[in-house]
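Going by UniProt numbering, the sequence shown opens with residue 1, and the numbers climb by one from there.
Some notes on the structure that comes next.
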Amino acid sequence: MPPKKQKHKKRKNKPKKNWEEPEEVKRAPHSIVVFRGNVGKYIEILMKDFRRVMEPNTASSLKATEKNSIKDFVSIAGPLHVTHLVMFSRSELSPFLRICRLPHGPTLTFKILEYSLSKDVVSIQKRQNTYDKQYLTHPLVVLNNFAGEELKLKLMTSMFQNMFPSINVAKVKLNTIRRCVLLHYYPEDGSVEFRHYSIKAVPVGVSKAVKKLVSSKVPNLGKLNDISEFIEKSGQFSESEAEDDPVSNVTLPQSLAGRGSKAGAKSAIRMIELGPRIRMELIKIEEGIVDGEVLYHQFIQKTEEEKKIIRQRRETRRKNEEKVRKIQEAQRKKKEEIKEKHREKSMEGMKRKQDKEALGKFAENDEEAAEDDDAEYYRSEVGQEPEKDLFTARAKSAKSSLSGPAAKRAKIEKKKMEKNSKGKSGERGSAKDSGDTRRKNFKSGRSPKSTGKPNGKVGFKGASKVQRKR
């Protein structure tokens, strides 16, 4: 039997035409997380873990190359609604983290003191709580101990808060809050601790056995006679498991996804760490994107005169760059004008060629019509059909005739050949005439130089001898 034809399945999720993001998504902060330079394997993994934290408002699958400069990321920031650029780098001393506010700055540079990858954090947990759906919504950011009037504290607070979308407490849905980012500031050494958690609600006020039945799958009861044995039996859980802290108990205003988490019920909030962990300290704050006036530096302090010199130097460099840019723009316009003139000239040449080909085709059509007229005239006058190649030979010769510069060169070559042939024939004729006259003079005894008298002086020796013999 012949094989059955496979039916093409229709695509269910067709892309929508003219689809636009909602206004809330456009206004939300978006970020790009990349690494710069040769950072090594572990910093690259840390960068990917940080992308995971910033989801869903980040470029998760972005593949940046060494050729991509910071200007490239700044140029696409506007169309893609990108507000923050996070860059990981590494030097001989330690790895660094830079957070830039696009498109005009400022830039905060942190020195990474310690870090742990997400896979290491999750691997040490006894009960892991990781699933993909918790990354479909943005995390809740919590800042601790950032109160103060210092410039660095204000800028850090503003930067960290604006990296994540704000939450309207009156309208928020609790099901959308599944993760939490915690940032804690240590005033003793000026370091910042970064942690990433998953949020989970667990029902309270019931025994552990009932809690297990409510919040998870039904356990294996094959060895028990009745379910009451499972509920009343002691020692089924580890003794090291601590009781719920009363501070973490809350009354849910809304129902949550999960068993036992209903509106109005008492639940305990559990936070399960997802990673990564980063401990870092602020080194420098700059205006602009990476290259600007230094507003704060942990180790270097400059006087007002030094700052003034640096500003003048930066202004001079900016003017030089502007001048070079104008020169390049003028050169670019000049090249475009030359290219446009060349294109117009080429178009004119192509048009002339097309007109010439059209005239050639018109002439061929005239020749074919003339050939038809000659054949018709021959039939009317002679009363017979003309021979097959009688008129086509003449048409072929007409078609094969040259035209234009080639015809001129052919005419010149033909004239040269005729002139050469005439010259050679003239030389042969003069040589023949001179030979005949010599023979006649030899017979008559006259020399070419004689006056015609037989007994005159001879112009050459042989003639006198012949006369004597006679």
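Glycine is no exception: its CB is placed at the ideal position from the N, C-alpha and C atoms.
Strictly by DSSP, which residues pair up with H196? V181
Looking only at its own chain, which residues have a Cβ that is under 7 Å from the Cβ of G40, when we skip the five neighbours before and after it? R90
Between the segment 248 to 256 and the segment 80 to 88, do three or more beta carbon pairs fall short of 8 Å? no
Would DSSP call N225 helix, strand or coil? coil
With the cut-off set at 8 Å, would you say P165 and P29 are in Cβ contact? yes
Can you confirm whether the segment 68 to 80 touches the segment 119 to 139 when touching is taken to mean that 3 or more C-beta pairs between the two stretches lie within less than 8 Å? no
Do Y135 and E55 have their CB atoms nearer than 8 Å? yes
Using the C-alpha atoms, what's the distance from G222 back to K266? 32 Å
Go ahead and pull the three-state DSSP assignment for T65. coil
Taking the straight line between their C-alpha atoms, what separation do you get for H138 and R51? 12 Å
Would you report the Cα separation of Q331 and V324, rounded to the nearest angstrom? 11 Å
Roughly how many whole angstroms lie between the Cα atoms of R314 and Q354? 59 Å
Do A77 and P106 come within 8 Å of each other at the CB atom, strictly closer than that value? no
Rounded to whole angstroms, what is the Cα-Cα separation between A398 and A375? Bear in mind that a pLDDT of 48 at A398, under 50, signals an unreliable position, so the number given afterwards is only what the model happens to contain. If I take the Cα positions, the gap works out to 17 Å.
Under a three-way DSSP split, which group does L143 fall into? strand
Starting from L85 and walking both ways along the alpha helix (DSSP H), at which residues does that stretch end? From DSSP, L85 is part of no alpha helix (DSSP H) but of the beta strand (DSSP E) over H84 to R90.
If you count every other CB in all the chains shown that lies within 10 Å of the CB of A59, and 16 or more means buried, which is it? buried
State the Cα-Cα distance for the pair E20 and V172, rounded to the nearest angstrom. 23 Å
Below 8 Å on the Cβ atoms is my guess for I272 versus S198; work out the distance and round it to an integer in Å. 5 Å
Could you please give the first and the last residue of the uninterrupted beta strand (DSSP E) stretch that includes K284? R277 to E286
Does the beta-carbon of L151 have 16 or more other beta-carbons within 10 angstroms, so that it is buried, or is it exposed? exposed
From Q161, K26 and K154, residue whose alpha carbon lies closest to that of V82: K26
Quick check on DSSP: helix, strand or coil for Y131? coil
When you compare only the Cα positions, how much space is there between G268 and K200? Reading off the sequence, residue 268 comes out as Ala, not Gly. Roughly 8 Å between the two C-alpha positions.
Residues in the same chain with beta-carbon distance under 8 Å from N145, minus the five sequence neighbours each way, listed in chain order, please. H184, Y185, Y186 and P187
In the structure shown, what three-state DSSP assignment does T342 receive? According to the sequence shown, residue 342 is His rather than Thr. Residue state, collapsed to three classes: helix.
My assumption, with CB atoms under 8 Å, is that F194 sits in contact with R277. Please give the rounded CB distance. 7 Å
DSSP state of E20 mapped onto helix, strand, coil: coil
Rounded separation between L108 and N220 - CA only: 54 Å
Are there any heavy atoms of the ligand FAD lying less than 7 Å away from the beta-carbon of A201, as far as the coordinates show? As far as ligands go, the structure on display features none, and thus does not contain the ligand FAD.
If we count the other Cβ atoms within 10 Å of its Cβ and call it buried at 16 or more, is Y115 buried or exposed? buried
Here's the rule: buried if 16 or more other CB atoms are within 10 angstroms of the residue's CB, otherwise exposed. What is F299? exposed
Beta strand (DSSP E) containing S158: first to last residue? First-last for S158: L151 to N162, but that is the alpha helix (DSSP H), not the beta strand (DSSP E).
If you follow the alpha helix (DSSP H) that L46 is part of, which residue opens it and which one closes it? K41 to M54
Would you kindly report the start and end of the unbroken beta strand (DSSP E) that includes F110? T107 to S116
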